[in-house]
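Number of protein chains: 2
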Amino acid sequence: MFCEIYLVGNEKLPNFEGENFDSVMKYVTIKDIARELVVSVSTVSRALRGDPSIRKETREKIQAAAKRMGYVPNPVATNLKFGRTKTIGVIVPEMSTPYAAKVIDGIQDICYHNNYKVIIASSSEDADKEKENLDIMMQFMIDGIIACRCDYNKNTELYKKIQEQHIPLVFYDRIPHNIEAPQVIVDDETKAFFLVEHLIRSGRKNIAYIGANFDTVYNSVLRHKGYREALQRYGIEYNPNIVVQTEGLNYSDGATAVDKLRHEKTDAIFAFTDTLAIGAMNRLKSIGRNVPRDVAVAGFSGTNLCTIVSPQLTTVEPRQFEMGQKAAELIIKHIANPSSSKSEQVIIDADIIYRESTEG
Amino acid sequence: MFCEIYLVGNEKLPNFEGENFDSVMKYVTIKDIARELVVSVSTVSRALRGDPSIRKETREKIQAAAKRMGYVPNPVATNLKFGRTKTIGVIVPEMSTPYAAKVIDGIQDICYHNNYKVIIASSSEDADKEKENLDIMMQFMIDGIIACRCDYNKNTELYKKIQEQHIPLVFYDRIPHNIEAPQVIVDDETKAFFLVEHLIRSGRKNIAYIGANFDTVYNSVLRHKGYREALQRYGIEYNPNIVVQTEGLNYSDGATAVDKLRHEKTDAIFAFTDTLAIGAMNRLKSIGRNVPRDVAVAGFSGTNLCTIVSPQLTTVEPRQFEMGQKAAELIIKHIANPSSSKSEQVIIDADIIYRESTEG
DNA sequence: AGTGTTTCTGCAAACGATTGAAATTTTTTG
DNA sequence: CAAAAAATTTCAATCGTTTGCAGAAACACT
Numbered sequence: 294m295f296c297e298i299y300l301v302g303n304e305k306l307p308n309f310e311g312e313n314f315d316s317v318m319k320y321v322t323i324k325d326i327a328r329e330l331v332v333s334v335s336t337v338s339r340a341l342r343g344d345p346s347i348r349k350e351t352r353e354k355i356q357a358a359a360k361r362m363g364y365v366p367n368p369v370a371t372n373l374k375f376g377r378t379k380t381i382g383v384i385v386p387e388m389s390t391p392y393a394a395k396v397i398d399g400i401q402d403i404c405y406h407n408n409y410k411v412i413i414a415s416s417s418e419d420a421d422k423e424k425e426n427l428d429i430m431m432q433f434m435i436d437g438i439i440a441c442r443c444d445y446n447k448n449t450e451l452y453k454k455i456q457e458q459h460i461p462l463v464f465y466d467r468i469p470h471n472i473e474a475p476q477v478i479v480d481d482e483t484k485a486f487f488l489v490e491h492l493i494r495s496g497r498k499n500i501a502y503i504g505a506n507f508d509t510v511y512n513s514v515l516r517h518k519g520y521r522e523a524l525q526r527y528g529i530e531y532n533p534n535i536v537v538q539t540e541g542l543n544y545s546d547g548a549t550a551v552d553k554l555r556h557e558k559t560d561a562i563f564a565f566t567d568t569l570a571i572g573a574m575n576r577l578k579s580i581g582r583n584v585p586r587d588v589a590v591a592g593f594s595g596t597n598l599c600t601i602v603s604p605q606l607t608t609v610e611p612r613q614f615e616m617g618q619k620a621a622e623l624i625i626k627h628i629a630n631p632s633s634s635k636s637e638q639v640i641i642d643a644d645i646i647y648r649e650s651t652e653g
Numbered sequence: 294m295f296c297e298i299y300l301v302g303n304e305k306l307p308n309f310e311g312e313n314f315d316s317v318m319k320y321v322t323i324k325d326i327a328r329e330l331v332v333s334v335s336t337v338s339r340a341l342r343g344d345p346s347i348r349k350e351t352r353e354k355i356q357a358a359a360k361r362m363g364y365v366p367n368p369v370a371t372n373l374k375f376g377r378t379k380t381i382g383v384i385v386p387e388m389s390t391p392y393a394a395k396v397i398d399g400i401q402d403i404c405y406h407n408n409y410k411v412i413i414a415s416s417s418e419d420a421d422k423e424k425e426n427l428d429i430m431m432q433f434m435i436d437g438i439i440a441c442r443c444d445y446n447k448n449t450e451l452y453k454k455i456q457e458q459h460i461p462l463v464f465y466d467r468i469p470h471n472i473e474a475p476q477v478i479v480d481d482e483t484k485a486f487f488l489v490e491h492l493i494r495s496g497r498k499n500i501a502y503i504g505a506n507f508d509t510v511y512n513s514v515l516r517h518k519g520y521r522e523a524l525q526r527y528g529i530e531y532n533p534n535i536v537v538q539t540e541g542l543n544y545s546d547g548a549t550a551v552d553k554l555r556h557e558k559t560d561a562i563f564a565f566t567d568t569l570a571i572g573a574m575n576r577l578k579s580i581g582r583n584v585p586r587d588v589a590v591a592g593f594s595g596t597n598l599c600t601i602v603s604p605q606l607t608t609v610e611p612r613q614f615e616m617g618q619k620a621a622e623l624i625i626k627h628i629a630n631p632s633s634s635k636s637e638q639v640i641i642d643a644d645i646i647y648r649e650s651t652e653g
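If you read the sequences in order, they're chains A and B. Going from the first sequence to the working numbering is simple: count from 1 and add 293. Going from the second sequence to the working numbering is simple: count from 1 and add 293.
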């Protein structure tokens, strides 16, 4: 009398005692169904996809077995087979404001209706992390990438390499600047112009600009340009002493910028983002300057943060949801037809919203 | 004179006119290197992984070629081969506050140092989206899932199925309630008790509780419990008329809750989250009630939102980064040793931070 | 020259799923 | 009733990578 252990198919012998417990098969495969029903894997495959060349009887038997055994197709296998994943990767520069969330909502709206999945990664304004995220995305064989660069001078080669590999790439919000790719952006210059014009018309003369470092975020350059044009149009001399470039884009950077302006005559601040504006505004309040009476403050981005601070913040609000939608539409178009034009540019409208922080 | 086109290896004929352009090979594979150097794929594979059984000379030649040709290993293939991806999936209920971002930072901190990649998906407080995200994650064959359920009554079966498939699962922040799984949470009850105690000691008598629907977020039940205990301890009668359950967790829900309290005597509000608290506070201000003089307001979560509003918000601040770190440690431990205890519970400390909104 | 080591490289199977072509079975037809 | 046609199922290759085992080449030692 003896006892043998047969290992059938790809099943490994589970060791329920510990260690190798993880080697228990986790998924039911097409092979398991084939073995169970004593048919070939190809028959199972075809039956499950409803191929009419499989007899109805067999097909139903297989489908029933699949259901009973809890079969779910393994997409990694399918991905490998077809070299596509029906997944779009999104790279955002930050996730701590609701801005990105709204854009992502727009992206998901379109993707969902086109049967695409979405994975999101945040680079936290760090170019190295951005690179890492791009690598992960590529590794997952995503079908296309929607990205917002955190620094227009970084990772340029990587993006170009992605393009060379014919992986569709679309940029949104921040201007990619030195990469030719479809993009969904806002007319920063014009919008900045109108906002500053509003400040001037309401009687402000010494308008400061708090912007991101011009060498990292190109939009900052454009908004600065619009700012400068507005000054010029209204005959106000440009004063470089009240133009501050910040290190980062956090509340603290806005506060620091105000500190730098301490000894300059300033009756208004136009900040590159709402976050900077809010940081600046709170610092102003804490040093005893009234907003908007002493200093008017305006931002750019337009998230609900603007309405929870007091005074409520004047801002330029790009249509974020729409921006996401357009970006998704573009990428899907480029996946379907990779030879589409790479220089397509969609300009998203932005609403200038006047609130308490610039009143009077 | 004639012209033939040879298709070598798996390269498909690119049709530069349109349609099939996407079938151009996107990636350099191990096969391409093998063909180029006229060696077998196995030799290339071994050489690239530094196998000592490959002659140094050959190895270096292959490595050089790989570099030159821009080879990157295709992890989808590796995944299929090994059934693991070295990737952890994170499901967050929302991304529009910095809370999740901090937790994710903590997760990424640990994962990065343990060579795990992280993919994140937000369910936007929607159980259906949560399900969808879980499905995507499973499809990518992620090695483990860190999740924060948006509704403790939804998707329970799905989570249980995930556990049955021996995919490690860890919950954070919100109490999974009816699923036995390792979890990283805060002692809601005790912290709520202390916060309410502080309100009582500073002279408040009619303290309202604004909480999420008790049937969706279990933590709300616990904070309510702590609230009730504090009242009892100080001999204040529990008044159900000033306990409001909100539909959602947005600013507007906080505002609506205040509207519901309009005809009740209330001199303090303890809200389930900062978002609700801020929504409530702003509504109070807009109907002419002073915070904190007329009504003190306190929240729970502790993000930098609390310091940008005025008055600044008193809150309970769980150590979010640490929470993420612990969750990541737990999941990595369970991946390494799937038979670890499923009932492990890590309690993260939370700091009660007293600010202007409850002064006086 | 023949045998035994060592060192190196290639074959082939495997992961799970798909699919054209071939093989099998069943049905139809003269 | 046999041969052709149709219906159904299987074989085998494929996606990119890894790896045990077999086989080849190179070398040393009788």
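Idealized CB from N, CA, C, for every residue including glycine. Please read these numbers as outputs of a predicted model, since none were measured by experiment.
Any C-beta of chain A under 8 angstroms from that of residue i
i, result
"Q538 of chain B", "no"
"Q638 of chain B", "no"
"Y452 of chain B", "no"
"V588 of chain B", "no"
"Q432 of chain B", "yes"
"K324 of chain B", "no"
"P368 of chain B", "yes"
With 16 other Cβ atoms within 10 Å as the buried cut-off, status of residue i
i, result
"S260 of chain B", "Any answer about residue 260 of chain B is impossible in this case: the structure gives chain B only from 294 up to 653."
"I580 of chain A", "exposed"
"Q525 of chain A", "exposed"
"M362 of chain A", "exposed"
"K672 of chain B", "Since the first residue of chain B shown is 294 and the last is 653, residue 672 of chain B is not available in this structure."
"I640 of chain A", "exposed"
Helix, strand or coil at residue i [DSSP, three-state]
i, result
"D644 of chain B", "strand"
"D419 of chain B", "coil"
"A440 of chain A", "strand"
"F464 of chain A", "strand"
"Q476 of chain B", "strand"
"T608 of chain A", "strand"
"Q456 of chain A", "helix"
"I529 of chain A", "coil"
"T380 of chain B", "strand"
"T509 of chain A", "coil"
"G504 of chain A", "strand"
"V639 of chain A", "strand"
"N536 of chain B", "Per the sequence shown, the amino acid found at residue 536 of chain B is Val instead of Asn. If DSSP states are grouped into helix, strand and coil, V536 of chain B belongs with the strands."
"T596 of chain B", "coil"
Residue closest to residue i, alpha-carbon to alpha-carbon, out of the options
i, options, result
"V477 of chain A", "A:E522, A:A643, A:R648", "A:A643"
"Y520 of chain A", "A:K484, A:E649, A:V602, A:M362", "A:K484"
"S346 of chain A", "A:F375, A:T336, A:K518", "A:T336"
"Y445 of chain A", "A:N471, A:L427, A:V590", "A:N471"
"P391 of chain B", "B:Y320, B:T566, B:E425, B:V463", "B:T566"
"H406 of chain A", "A:I625, A:A564, A:T600", "A:I625"
"H556 of chain A", "A:A523, A:N499, A:L515, A:G504", "A:N499"
"R612 of chain A", "A:D466, A:V510, A:L488, A:S634", "A:D466"
"A505 of chain A", "A:P533, A:E540, A:P386", "A:E540"
"N512 of chain B", "B:N583, B:R442, B:N532", "B:R442"
"G399 of chain A", "A:E637, A:A621, A:P461", "A:A621"
"T549 of chain B", "B:Q356, B:T322, B:L577", "B:L577"
Cutoff 8 angstroms: residue i Cβ touching any chain B Cβ
i, result
"S389 of chain A", "yes"
"V317 of chain A", "Because the pLDDT at V317 of chain A is just 42, under 50, the model does not fix this residue reliably, and the value given afterwards should be weighed accordingly. Closer than 8 angstroms: yes."
"G623 of chain A", "It is Leu, not Gly, that sits at residue 623 of chain A in the sequence shown. By this cut-off, L623 of chain A is not an interface position."
"L373 of chain A", "yes"
"Q458 of chain A", "yes"
"Y320 of chain A", "yes"
"V602 of chain A", "yes"
| request: Please go through the region 549-594 of chain B and give each complete beta strand (DSSP E) segment of 3 or more residues, from N-terminal end onward. | output: List check, beta strand (DSSP E) in window: 561-564, 589-591.
| What are the start and end residues of each continuous beta strand (DSSP E) run of 3 or more residues lying completely inside the region 382-426 of chain A, in chain order? | Within the region 382-426 of chain A, the complete beta strand (DSSP E) segments at least 3 residues long are 410-415, listed from N- to C-terminus.
| said: Could you tell me which whole alpha helix (DSSP H) segments of length 4 or greater appear in the region 319-361 of chain B? | reply: The qualifying runs are 323-330, 334-341.
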